[in-house]
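The sequence shown: position 52 = 65 (our numbering), numbered continuously.
For glycine and all other residues, C-beta sits at the position ideal for the given N, C-alpha and C.
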Amino acid sequence: MDTEITFEDFTKIDIRIGTIIEVNDFPKARKPAYQLTIDFGGLGVKKSSAQITELYTKEDLLNKQISAIVNFKPRQIANFMSECLVLGIYNEDGNVVLLQASVHIKNGEQIS
């Protein structure tokens, strides 16, 4: 990627820690995905669609802490409104691996 951003650009991105409190199948998504409900503490609860079905079961995800960008404009995905972007990285097989803290963090804490 050759696009440089400034530090001020970076500070506009609000990345927070949250805990997944509900996971549902998302059959209307074009690619296999889950509908996640995530508790961000004082920021409240937000929903997100995530294409993470290859590496994670619904049971694996429940109560898992994740990192997400919480200040994106909500986006309609099929019949579902996604309110944040759960962060992950593609592995060598093209599957998304979630980014998460190595120890438990208070929900809503900001990543800086």
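| Item | Value |
| --- | --- |
| Exposure label - V116; buried when at least 16 CB within 10 Å | exposed |
| Cβ contact (3+ pairs, closer than 8 Å) linking the segment 92-111 and the segment 57-69 | yes |
| Own chain partners of L74 with C-beta closer than 8 Å, once the 5 adjacent residues on each side are dropped | I33, V36, Y47, L49, I65 |
| Nearest to A114 (by Cα), restricted to the options P45, I102, G31 | G31 |
| Supposed close pair L68, N108 - CB separation, criterion 8 Å | 5 Å |
| Sequence-distant residues of its chain with Cβ nearer than 8 Å to G121 (five each side left out) | R29, I30, G31, F53, G54, G55, L56 |
| Paired residues, beta bridge with A46 - DSSP | Paired residues: none, contrary to the question. |
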